[in-house]
Amino acid sequence: MSIWNRKDLIALADLSAEELLFLLETAKAFKGVGEREIKKVPALRGKTLINFFVEPSTRTRISFELSALRLSADVINISATTSSLQKGETLKDTALNLEALLADIIVLRHSSAGAAHFLSERLHASIINAGDGAHEHPTQGLLDGFTILEKYGRLQGLEVAIVGDILFSRVARSNIYLLTKLGAKVTLVGPSTLVPQKFETLGVRVTHHIDDILETADVINLLRIQHERQHKEYFPGLGEYVTLFGLTKERVARLKPKCLIMHPGPMNRGVEIDSEGADGARSVILEQVTNGLAVRMAVLYACGGGKGILT
Amino acid sequence: MSIWNRKDLIALADLSAEELLFLLETAKAFKGVGEREIKKVPALRGKTLINFFVEPSTRTRISFELSALRLSADVINISATTSSLQKGETLKDTALNLEALLADIIVLRHSSAGAAHFLSERLHASIINAGDGAHEHPTQGLLDGFTILEKYGRLQGLEVAIVGDILFSRVARSNIYLLTKLGAKVTLVGPSTLVPQKFETLGVRVTHHIDDILETADVINLLRIQHERQHKEYFPGLGEYVTLFGLTKERVARLKPKCLIMHPGPMNRGVEIDSEGADGARSVILEQVTNGLAVRMAVLYACGGGKGILT
Amino acid sequence: MSIWNRKDLIALADLSAEELLFLLETAKAFKGVGEREIKKVPALRGKTLINFFVEPSTRTRISFELSALRLSADVINISATTSSLQKGETLKDTALNLEALLADIIVLRHSSAGAAHFLSERLHASIINAGDGAHEHPTQGLLDGFTILEKYGRLQGLEVAIVGDILFSRVARSNIYLLTKLGAKVTLVGPSTLVPQKFETLGVRVTHHIDDILETADVINLLRIQHERQHKEYFPGLGEYVTLFGLTKERVARLKPKCLIMHPGPMNRGVEIDSEGADGARSVILEQVTNGLAVRMAVLYACGGGKGILT
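Protein chains in written order, with the working numbering: chain A, 1 to 311; chain B, 1001 to 1311; chain C, 2001 to 2311.
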């Protein structure tokens, strides 16, 4: 573990290509664990992981919980709804209390960008960012990268399109950092309100026409349209969005035969993606979920001071 | 395990008498585990069980959770209230996601009849029906059967009365299938709106007078009156129900000395059952709860591919 | 374990000085476990603990859950919000059901004084009181005592001030019983409505002027002002409370250099305590949290029939 010397995983923007590859390689080793008869290794036995989800997310919480259990850690869940910890208490006080419980790892989902970074500077525990506002969702970026790498054997030179609400998407940001650092060519697709030209400073291409990428993309990653979060002033209306950017049956037919269709879930079928895309041969959407476990095991292992060979 | 070749437990209606007896025999072996100093066997170590309760039920959830922990499985709970999985997602998509997490066993409680069957046809994971609408609640039927068998040493020829809202009761249905297949004589008791004559096609007797069974029953199983669910047009009013069908002190006195009083819980004291019945010598209501653990361990073990001797 | 022969921990008022010291000594042995690489001992392996929180409390629930996991027990959480157990069911019926699940230990948080005692007389399971109304919160009293003992090496003769809403505080009651039995001199501080003179019958001093204790206290324990619970007729208004009883920067400066500042959390900064007190060198507030784990491990071990050397 000479390459990895971090106690936290906050943002893929902070990591070198070598660090990203180290995590992806480690995830590859862990993927085998999930396929065994006994899906458990003793790597984090006796360690305590606290899943602290101030913003709710069953999907990500379960993925971290299962990953930790498969590493034999003890897991405690705290959700926003149950957290009286928060009652009249600052995030810092809450976090200091979690550390005083001798937690080894705190997985934090929070609605404010920077929340995980804030904790990482104040606590000895490892902080894993499970999504902070519109900033980053690093394990989602890693699992997307892992899935592409597993299918193509490389990221270098691949054409990856990310479609949807990029402006408010932490998934998009984490994907962009990982993919560009590892040599993929990223194109962002969406209405100009949600995909402003300024993203080009991150080393990606921006287009407002999905036609521009349909026939050339090696990977198309559809972001979830979050009705509930959409800022009215940015969003063109659902019908118009589907017409302009939805991955309809017709558009699926124009994709390259080997183009991977990805989605971080949960899908809105008939909105950003039709069933032809979601369930067809090109879809790797469920594999992303499975790979999420391997990637999170790798991250918990690397940051949480996992010991011993991966046996 | 030559008799048992199923990956799922959906409905007792599907099982042969031999399969039912196999589960009851296996439960007998597991009952001993709960009485040990260390209530744990390694049978499902490294397996993942997801308790997916779309319709809430603390009681049944806990029983499955404890059963799984005593088999050394890893358990993840997802409840309807916390499940953002469900947000804009079909049951099928949610289930495919759970399978992609490499869950070995999914225990499903759902308000729609057929939900568990639907999943069982689409997933490789074992699906255990923990109650689907008014269809079946097979582990409740098994634990009721187990409790009677433990007390009488047989089911063959016993007179079993089931009293209450049969029409909307999955507990009643699962009991009827198990008891008739294993040779008991079942009588359903309740108002004609809730116990229509057509139930006779299932091989049971129907009566609208509790007097008909009080002095002959070997077992009387009182269903919970679910105020909150009652369809107004079927239900005669609570006072009238108690007068006609409640197991009052006077009625308890007319039961055979060895008649077993059963209830799936939680009880409405003073409605379907009085404390004389609930707490008296004939009551096996708390034993049903204990037996629920043994039965659920047996079901998880049989369906989940438990390995090795029960040690 | 010749000194300890109780199955339950209900109230520190019931315990002898020897029993209190036994628990504090045992906690000292367990504190080391939390500092190890592998924070786990097999003392309660195969035992089942049910965290039954009818009144919500994330903080205390987590502390008990972690303590139990570190003793290798299986833990089930039931919260008020999820508990359909309670639906139309008395506390006694619910408790009998928990016992029928073969729970070894039930940790109960309840809004009614006496709830834990009620269960302890009716169940074979060990009942641990995690706070019952305004009666007692014995593990909080123990962890406060443990923290003082750890810092001073003794309780005998120490001047301990408890400031705030004593009348409705279970934390205050448990502290008073432990501290007076172990020889500390306790002074209660607060407005006369919340700290009536009658408390002197417990062997403590009462004052309505914080100035009386600032320069002499060896320990000052600030209770949380519970806005939401305050009975309007007792409480002087928040601004007035801060002026008269808040541990402001100015008051902190008048404390002895070695005076310990304690708080059961969560703190209302700027109300009962200012940041100068909360975060300064005298504060042992976070150590209280850490010590809570050691104390709860000791209590679970003693009551739950933990076996074997603490290894």
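For glycine and all other residues, C-beta sits at the position ideal for the given N, C-alpha and C.
Beta-carbon proximity of residue i to residue j, cut-off 8 angstroms
{"i": "L2260 (chain C)", "j": "V2289 (chain C)", "result": "no"}
{"i": "W1004 (chain B)", "j": "E1019 (chain B)", "result": "yes"}
{"i": "R1045 (chain B)", "j": "S1016 (chain B)", "result": "no"}
{"i": "L1182 (chain B)", "j": "G1145 (chain B)", "result": "yes"}
{"i": "E136 (chain A)", "j": "R173 (chain A)", "result": "yes"}
{"i": "T2180 (chain C)", "j": "A2161 (chain C)", "result": "no"}
{"i": "G2280 (chain C)", "j": "D2104 (chain C)", "result": "no"}
{"i": "M2262 (chain C)", "j": "V2299 (chain C)", "result": "no"}
{"i": "V2171 (chain C)", "j": "L2102 (chain C)", "result": "no"}
{"i": "E55 (chain A)", "j": "P2266 (chain C)", "result": "no"}
{"i": "L255 (chain A)", "j": "D274 (chain A)", "result": "no"}
{"i": "E250 (chain A)", "j": "I1076 (chain B)", "result": "no"}
{"i": "L1194 (chain B)", "j": "Y1234 (chain B)", "result": "yes"}
{"i": "L50 (chain A)", "j": "L98 (chain A)", "result": "Just to set this straight, residue 50 (chain A) is Ile in the shown sequence, not Leu. Yes, these two residues count as a Cβ contact at 8 angstroms."}
Alpha-carbon spacing of residue i relative to residue j, whole angstroms
{"i": "F245 (chain A)", "j": "L96 (chain A)", "result": "45 angstroms"}
{"i": "Q140 (chain A)", "j": "M2297 (chain C)", "result": "37 angstroms"}
{"i": "I1210 (chain B)", "j": "P1236 (chain B)", "result": "15 angstroms"}
{"i": "T2311 (chain C)", "j": "P42 (chain A)", "result": "Model confidence at T2311 (chain C) stands at a pLDDT of 37, short of 50, so the residue's coordinates are unreliable; what they give is reported in the following sentence. Cα to Cα, T2311 (chain C) sits roughly 19 angstroms from P42 (chain A)."}
{"i": "A294 (chain A)", "j": "F52 (chain A)", "result": "20 angstroms"}
{"i": "R1269 (chain B)", "j": "E1240 (chain B)", "result": "15 angstroms"}
{"i": "E150 (chain A)", "j": "L238 (chain A)", "result": "34 angstroms"}
{"i": "G32 (chain A)", "j": "R282 (chain A)", "result": "23 angstroms"}
{"i": "G2034 (chain C)", "j": "N2221 (chain C)", "result": "25 angstroms"}
{"i": "L2123 (chain C)", "j": "T2094 (chain C)", "result": "11 angstroms"}
{"i": "V2204 (chain C)", "j": "N2175 (chain C)", "result": "11 angstroms"}
{"i": "L2069 (chain C)", "j": "T1048 (chain B)", "result": "18 angstroms"}
{"i": "A1278 (chain B)", "j": "P1264 (chain B)", "result": "11 angstroms"}
{"i": "A2125 (chain C)", "j": "I2038 (chain C)", "result": "29 angstroms"}
Three-state secondary structure (DSSP) of residue i
{"i": "T216 (chain A)", "result": "coil"}
{"i": "D74 (chain A)", "result": "strand"}
{"i": "T2311 (chain C)", "result": "Because the pLDDT at T2311 (chain C) is just 37, under 50, the model does not fix this residue reliably, and the point stays unresolved."}
{"i": "L188 (chain A)", "result": "strand"}
{"i": "D2211 (chain C)", "result": "helix"}
{"i": "D1014 (chain B)", "result": "helix"}
{"i": "S1067 (chain B)", "result": "helix"}
{"i": "V2206 (chain C)", "result": "strand"}
{"i": "T2090 (chain C)", "result": "coil"}
{"i": "S111 (chain A)", "result": "coil"}
{"i": "I1977 (chain C)", "result": "Here chain C has residues from 2001 to 2311 only, and residue 1977 (chain C) is not among them."}
{"i": "E1271 (chain B)", "result": "In the sequence on display, residue 1271 (chain B) carries Val and not Glu. Note: V1271 (chain B) maps to coil in three-state DSSP."}
{"i": "N5 (chain A)", "result": "coil"}
{"i": "I2176 (chain C)", "result": "helix"}
{"i": "L1222 (chain B)", "result": "strand"}
{"i": "E2276 (chain C)", "result": "helix"}
{"i": "I62 (chain A)", "result": "helix"}
For residue i, the first and last residue of its enclosing alpha helix (DSSP H)
{"i": "N2291 (chain C)", "result": "2285-2303"}
{"i": "L1255 (chain B)", "result": "It is not in any alpha helix (DSSP H) - L1255 (chain B) carries neither H nor E in the DSSP assignment."}
{"i": "D2144 (chain C)", "result": "2138-2152"}
{"i": "Y1241 (chain B)", "result": "1238-1245"}
Where residue i meets chain A, residues with beta-carbon distance less than 9 angstroms
{"i": "S2063 (chain C)", "result": "L101"}
{"i": "L2247 (chain C)", "result": "The contacting residues do not exist; L2247 (chain C) stays about 16 angstroms from chain A at best."}
Host beta strand (DSSP E) of residue i (start-end)
{"i": "F1199 (chain B)", "result": "Premise fails: F1199 (chain B) is in no beta strand (DSSP E) and is neither H nor E."}
{"i": "D1165 (chain B)", "result": "From DSSP, D1165 (chain B) is part of no beta strand (DSSP E); its letter is neither H nor E."}
{"i": "S2126 (chain C)", "result": "2126-2132"}
Interface residues of chain A facing residue i [CB-CB closer than 8 angstroms]
{"i": "T2290 (chain C)", "result": "A100, L101, L102"}
Chain-ordered chain B contacts of residue i [CB-CB under 7 angstroms]
{"i": "L2096 (chain C)", "result": "L1286"}
Residue i beta carbon near the ligand PLP (any heavy atom closer than 7 angstroms)
{"i": "P196 (chain A)", "result": "Summarising the ligand content, the structure contains no ligands, and the ligand PLP is consequently not present."}
Under 7 angstroms by beta carbon: chain C residues contacting residue i
{"i": "L1024 (chain B)", "result": "Here the premise fails: no neighbours, minimum Cβ distance about 19 angstroms."}
{"i": "G1034 (chain B)", "result": "L2102"}
Proximal chain B residues relative to residue i, where beta-carbon distance stays under 8 angstroms
{"i": "E272 (chain A)", "result": "Those do not exist, as E272 (chain A) stays about 11 angstroms from chain B at its closest Cβ, beyond 8 angstroms."}
{"i": "L293 (chain A)", "result": "L1101, L1102"}
Partner residues on chain A for residue i, Cβ-Cβ distance less than 7 angstroms
{"i": "K2039 (chain C)", "result": "G46, T48, L102"}
Contacts that residue i makes with chain C (C-beta to C-beta distance below 9 angstroms)
{"i": "L1069 (chain B)", "result": "T2048, D2074, V2075, I2076"}
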